[in-house]
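Encoded as structure tokens, the structure appears first; notes follow it.
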Amino acid sequence: MSSLSELTSVEIDVPSGSKITLSQPEEYPSQLIEALVSLFSQRKPVRRAFIIQAHDKNVDENPNLLIGLEINGATDEIEQLIHEAGSIACEYTSEEEPIDFCLVDEKERGISHYLIQHTQPFYQRKLGSWLRGSIPVMNK
């Protein structure tokens, strides 16, 4: 795995033939990340979340933020979660700052591979954390 300081961006071929440059955000959106971490920590299906910027210079003048979500759940549950995350993202960004979401799958190449192998998640569910929050602790 490359360290973040070694890897600044990666271009991958997409089916249309255009190239998308993937890199770390130039300005880290701390408030947005804090709000998303708060949401994800309340949702059991979210395993990890990543953030990068994606830029297709032939399509957009400025890069888009891309949030990759590794989620285990039913399709309707995933769609609801992405909708909630999108609503939160709209509160912390302007209309000129588009944000996209994608699902991350360890078995896939491309963006999923880049996110898992070349970046660090900004959110990662701790093992057993879901149980810790739901089981009362009794002190004797």
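When we follow UniProt numbering, the leftmost residue of the sequence shown carries the number 1, and every step to the right adds one. From the three backbone atoms N, C-alpha and C, an ideal C-beta is built for every residue, glycine too. What you are looking at is a predicted structure, and each value in this text was computed from that prediction instead of being measured.
Check whether the Cβ atoms of F40 and G68 lie closer than 8 angstroms to each other. no
Which of the three DSSP states, helix, strand or coil, is assigned to Y28? coil
Do D56 and I99 have their C-beta atoms closer together than 8 angstroms? no
Work out the CA separation of E97 and V104 for me, nearest whole Å. 22 angstroms
Residues in the same chain with beta-carbon distance under 8 angstroms from L36, minus the five sequence neighbours each way, listed in chain order, please. A49, I67, A85, I88, A89, F122 and Y123
Can you give me the C-alpha to C-alpha distance between V71 and R43, rounded to a whole angstrom? It should be noted that the sequence gives Ile, not Val, for residue 71. Rounded to whole angstroms, I71 to R43 spans 10 angstroms at the Cα level.
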